[in-house]
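So the sequence shown is residues 3 to 337, counted in this note's numbering. Right, one structure below, let's go through it.
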Amino acid sequence: MRVLVTGAAGFIGANLSERLLARGDQVLGYDNLNDYYDPRLKEARLARLVPQEGFEFIKASLEDRAALEAAFDGFRPQRVVNLAAQAGVRYSLENPQAYVDSNIVGFLNILEACRYRAVEHLVYASSSSVYGANRKLPFAVEDSVDHPVSMYAATKKANELMAHTYSHLFNLPTTGLRFFTVYGPWGRPDMALFLFTRKILAGEPIDVFNNGRHTRDFTYVDDIVEGVIRTLDTVPGPDPTHDPMAPSPATSSAPYRVYNIGNQQPVELLRYIEVLEDCLGRKAQRNLLPLQPGDVPDTYADVQALVRDTGYSPSTPIETGVKRFVDWYREFYSV
Numbered sequence: 003m004r005v006l007v008t009g010a011a012g013f014i015g016a017n018l019s020e021r022l023l024a025r026g027d028q029v030l031g032y033d034n035l036n037d038y039y040d041p042r043l044k045e046a047r048l049a050r051l052v053p054q055e056g057f058e059f060i061k062a063s064l065e066d067r068a069a070l071e072a073a074f075d076g077f078r079p080q081r082v083v084n085l086a087a088q089a090g091v092r093y094s095l096e097n098p099q100a101y102v103d104s105n106i107v108g109f110l111n112i113l114e115a116c117r118y119r120a121v122e123h124l125v126y127a128s129s130s131s132v133y134g135a136n137r138k139l140p141f142a143v144e145d146s147v148d149h150p151v152s153m154y155a156a157t158k159k160a161n162e163l164m165a166h167t168y169s170h171l172f173n174l175p176t177t178g179l180r181f182f183t184v185y186g187p188w189g190r191p192d193m194a195l196f197l198f199t200r201k202i203l204a205g206e207p208i209d210v211f212n213n214g215r216h217t218r219d220f221t222y223v224d225d226i227v228e229g230v231i232r233t234l235d236t237v238p239g240p241d242p243t244h245d246p247m248a249p250s251p252a253t254s255s256a257p258y259r260v261y262n263i264g265n266q267q268p269v270e271l272l273r274y275i276e277v278l279e280d281c282l283g284r285k286a287q288r289n290l291l292p293l294q295p296g297d298v299p300d301t302y303a304d305v306q307a308l309v310r311d312t313g314y315s316p317s318t319p320i321e322t323g324v325k326r327f328v329d330w331y332r333e334f335y336s337v
């Protein structure tokens, strides 16, 4: 297939592009290589993709509608995976405009480009953050997600609503994927594992929010990518069981689906740090702090819908995933 991957120089996007190329797909990577975090890491990911047969790359933003439409017209993708977004919960408190520009305006441009070019299937990144203030665990796609606690979460919820509208009005098959705390080699420097590793190796204290007592459903990047590919290959149709008198947020009478992709094994942050310390062979100096605005106490994915429709569920234990990250980090940064 011809697959357009936005955010192709990002953590998940680069890994996904590599997997798609390995199975023989043609991939057009689209990324603006912004400086939200060190662009050199994005360029290093991209450098692994560019020499591969079947890969093309365009540097541009989702907000640049002309550039995006030119990319669609030149490549003529059959399917699209939209992973480009302004990420990060805490940064959304500082710069909400960046989230509207990329995650709302940019996503509208994606939807419009898909609508007018008969794209077979749009898969897009949502987030576990949409569950917001929910306290019922595990989080299921059938649950209401009407109480976001960050602007980042609100834009991801908006993406799901926008996608449903286009599925309903224009019969565009869309699938939203709620990722749960992704980690692994080539990860984002603003994420906890990367930050902790860098500071522990430098002998600096790490900031441990909520005194380390909150839990996260840490999901290894290879499991995320496998989930993306399984859903990309599963084009949704109208749900024959949809009941407008008791509608499910996860399906519709339109060709629309939403799935969780998580490890189904919530881990307390203190345990995550212990595993990292074991892999590094060093103890961390811990600066215990309260829960930060916009953060949620716990996440835990119910992936029954993903298993039902694709036959897949993530399963990599953190002991394996964290070790792989540490091995990569030591090699990449020559530590």
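Glycine residues also receive a C-beta, built at the ideal position from the N, C-alpha and C atoms.
Checklist entry - Does DSSP classify G76 as helix, strand or coil? => result For this step, residue 76 is matched to residue 74 along the sequence shown. In the structure shown, G76 sits in a helix (DSSP, three-state: H, G or I).
Next on the checklist: Quick check on this structure: which residue in R47, D33, M3, L113 has the alpha carbon closest to the alpha carbon of G189?
Outcome noted: On the sequence shown, position 187 is the one that residue 189 refers to. Of the residues R47, D33, M3, L113, the one whose Cα lies closest to the Cα of G189 is R47.
Next on the checklist: Please classify A286 as buried or exposed, where buried requires at least 16 other C-beta atoms within 10 Å of its C-beta.
Outcome noted: Within the sequence shown, the letter at position 284 stands for residue 286. When all chains shown are included, A286 counts as buried.
Checklist entry - Hey, would you say V132 sits closer than 7 Å to A165, going by beta carbons? => result Numbered from its first residue, the sequence shown carries residue 132 at position 130. Numbered from its first residue, the sequence shown carries residue 165 at position 163. Contact: no.
Checklist entry - If A11 and L35 are in contact, beta carbons under 8 Å, what's the gap, nearest whole angstrom? => result Start at 1 with the first residue of the sequence shown, and residue 11 comes out as number 9. Start at 1 with the first residue of the sequence shown, and residue 35 comes out as number 33. Taking 8 Å as the upper bound for CB-CB distance, A11 and L35 are in contact here, some 6 Å apart.
Checklist entry - Within this structure, are the beta carbons of F182 and G264 separated by less than 7 Å? => result Walking along the sequence shown from the start, residue 182 turns up at place 180. Walking along the sequence shown from the start, residue 264 turns up at place 262. Cβ atoms of F182 and G264: closer than 7 Å.
Checklist entry - Under a three-way DSSP split, which group does T253 fall into? => result Position 251 of the sequence shown, counted from the first residue, corresponds to residue 253. T253 carries a coil assignment under DSSP once its states are collapsed to helix, strand and coil.
Item to check | T233 to T167 span [Cα, whole Å] | outcome: Walking along the sequence shown from the start, residue 233 turns up at place 231. Walking along the sequence shown from the start, residue 167 turns up at place 165. So the two alpha carbons sit approximately 20 Å from each other.
Checklist entry - Tell me, which residues are paired with L290 by DSSP? => result Position 288 of the sequence shown holds residue 290. Within the DSSP bridge table, the entry for L290 names V210 as partners.
Next on the checklist: So for L35, helix, strand or coil by DSSP?
Outcome noted: In the sequence shown, residue 35 corresponds to position 33, counting from 1. Coil, per DSSP.
Checklist entry - R50 and Q28 look like a contact to me (Cβ under 8 Å); what is the Cβ gap, rounded to whole Å? => result Counting from 1 along the sequence shown, the entry for residue 50 is found at position 48. Counting from 1 along the sequence shown, the entry for residue 28 is found at position 26. The Cβ separation is near 17 Å, so there is no contact.
Checklist entry - With burial defined as no fewer than 16 other Cβ atoms inside 10 Å of the residue's Cβ, what is the status of A135: buried or exposed? => result Translated into the one-based positions of the sequence shown, residue 135 becomes position 133. Taking all protein chains in view, the Cβ of A135 is surrounded by fewer than 16 other Cβ atoms within 10 Å, so the residue is classified as exposed.
Next on the checklist: For a minimum of 3 consecutive residues, which ranges assigned as the beta strand (DSSP E) are wholly contained in the region 130–184?
Outcome noted: You should have 176–181.
Checklist entry - Would a C-beta distance cut-off of 7 Å place N262 and R180 closer than the cut-off? => result By one-based count along the sequence shown, residue 262 stands at place 260. By one-based count along the sequence shown, residue 180 stands at place 178. Closer than 7 Å, so yes.
Checklist entry - Start and end of the alpha helix (DSSP H) containing Y314? => result Sequence index remark: in the sequence shown, residue 314 carries index 312 (1-based). The continuous stretches of alpha helix (DSSP H) do not include Y314, and DSSP gives it neither H nor E.
Checklist entry - DSSP puts L110 in a beta bridge; with which residues? => result The residue labelled residue 110 in the question sits at position 108 within the sequence shown. Answer is none; L110 lacks a bridge partner.
Item to check | Alpha-carbon spacing of T243 relative to V260, whole angstroms | outcome: Here residue 243 refers to the residue found at position 241 of the sequence shown. Here residue 260 refers to the residue found at position 258 of the sequence shown. T243 and V260: Cα-Cα distance of roughly 15 Å.
Item to check | Candidates T221, P79, K158: closest to F327 by CA position | outcome: As a working note, residue 327 is residue 325 in the sequence shown. Taking only the C-alpha atoms, the option nearest F327 is T221.
Next on the checklist: Assuming H1 and P150 are in contact, meaning their beta carbons sit under 8 Å apart, how far apart are those beta carbons, in whole angstroms?
Outcome noted: The first residue shown for the chain is 3 and the last is 337, placing residue 1 beyond what the model contains.
Item to check | Closest by C-alpha distance to S250, when choosing among F211, T301, A142, F172 | outcome: The residue labelled residue 250 in the question sits at position 248 within the sequence shown. Of F211, T301, A142, F172, the residue nearest in Cα terms is A142.
Next on the checklist: Considering Cα atoms alone, identify which of S255, P187, G229 is closest to P238.
Outcome noted: Along the sequence shown, read from residue 1 onward, the residue named residue 238 stands at position 236. Residue S255 is the option with its Cα nearest to P238.
Next on the checklist: Need the endpoints of the alpha helix (DSSP H) that K61 sits in, please.
Outcome noted: Indexing the sequence shown from 1 puts residue 61 at position 59. Element bounds for K61: not the alpha helix (DSSP H) but the beta strand (DSSP E), 57–61.
Checklist entry - Starting from L6 and walking both ways along the beta strand (DSSP E), at which residues does that stretch end? => result The residue given as residue 6 occupies position 4 in the sequence shown. From DSSP, the beta strand (DSSP E) with L6 extends over 4–8.
Checklist entry - Which class does V309 belong to by DSSP, given the choice of helix, strand or coil? => result Taking the first residue of the sequence shown as position 1, residue 309 is located at position 307. Here V309 sits in helix by DSSP.
Checklist entry - Just reading off the beta strand (DSSP E) that V328 is part of, what are its end residues? => result Position 326 of the sequence shown, counted from the first residue, corresponds to residue 328. Segment 320–334 is the alpha helix (DSSP H) holding V328; no beta strand (DSSP E) there.
Item to check | Contact belief for G9 with L85 at Cβ below 8 Å, rounded distance in angstroms | outcome: In the sequence shown, the residue the question calls residue 9 occupies position 7. In the sequence shown, the residue the question calls residue 85 occupies position 83. The C-beta distance from G9 to L85 rounds to 4 Å, short enough to fall under 8 Å.
Item to check | Proximity winner among L271, P53, F211, S63, relative to V324 (alpha-carbon distances) | outcome: Along the sequence shown, one-based indexing puts residue 324 at 322. It is L271.
Next on the checklist: Short of 7 Å in beta carbon distance, which residues of its chain neighbour T71, apart from the five on each side in sequence? Order them along the chain.
Outcome noted: Your numbering for residue 71 matches position 69 in the sequence shown. The displayed chain sequence assigns Glu, not Thr, to residue 71. Here the set comprises A115.
Next on the checklist: Quick check on the burial criterion: 16 or more other C-beta atoms within 10 angstroms. Buried or exposed for D40?
Outcome noted: Walking along the sequence shown from the start, residue 40 turns up at place 38. Sixteen is the threshold: since fewer than 16 other Cβ atoms of the shown chains lie within 10 Å of the Cβ of D40, the residue is exposed.
Item to check | Per-residue DSSP class, three states only, for D348 | outcome: For the chain, the structure presents residues 3 to 337; residue 348 sits outside this window and is missing.
Checklist entry - When the Cα atoms are used, what is the spatial distance from A125 to D33? => result To locate residue 125, count along the sequence shown from 1; it is residue 123. To locate residue 33, count along the sequence shown from 1; it is residue 31. The sequence as given places Val at residue 125; Ala does not occur at that position. If I take the Cα positions, the gap works out to 16 Å.
Next on the checklist: Going by beta-carbon coordinates alone, are G186 and V147 separated by less than 7 Å?
Outcome noted: On the sequence shown, residue 186 is found 184 positions in, with the first residue counted as 1. On the sequence shown, residue 147 is found 145 positions in, with the first residue counted as 1. Between G186 and V147, the CB-CB gap reaches or exceeds 7 Å.
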